[in-house]
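Peer 1:
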Amino acid sequence: SPYVAPSEIVQKIMERLREHESHELDAYTAYNSETFSPIPVQQNNNRLSVLSPDNREFLDRQRSKSPDMTHKRMII
Numbered sequence: 001s002p003y004v005a006p007s008e009i010v011q012k013i014m015e016r017l018r019e020h021e022s023h024e025l026d027a028y029t030a031y032n033s034e035t036f037s038p039i040p041v042q043q044n045n046n047r048l049s050v051l052s053p054d055n056r057e058f059l060d061r062q063r064s065k066s067p068d069m070t071h072k073r074m075i076i
């Protein structure tokens, strides 16, 4: 079949995708460069976490309030 040039909208979408890919590559390069300093990882009870201690505590409190779903039926 003969080649058909993509429509204008398809061309714009492809252009945006290429831009997005180049931004992702820039972010990847910055992330892996030596000048990048990642957020220190918190260690609590031999468990690594990116959460701050306050956020970890909040999450644990919420988890303890969660209902026990082991004996419940899920209706989909």
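As numbered in the UniProt record's numbering, residues 1 to 76 make up the sequence shown, in order.
Positions of the beta carbon are idealized from the N, C-alpha and C atoms, including for glycine.
Distance, Cα to Cα, Lys-12 vs Arg-18?
Peer 2: 10 Å
Peer 1: Hey, could you find the ends of the alpha helix (DSSP H) Ser-52 is sitting in?
Peer 2: Careful: Ser-52 lies outside any alpha helix (DSSP H) and carries neither H nor E.
Peer 1: How many Å lie between Arg-73 and Leu-59 at the Cα?
Peer 2: 25 Å
Peer 1: Please report how far the alpha carbon of Arg-56 lies from the alpha carbon of Lys-65, in whole angstroms.
Peer 2: 14 Å
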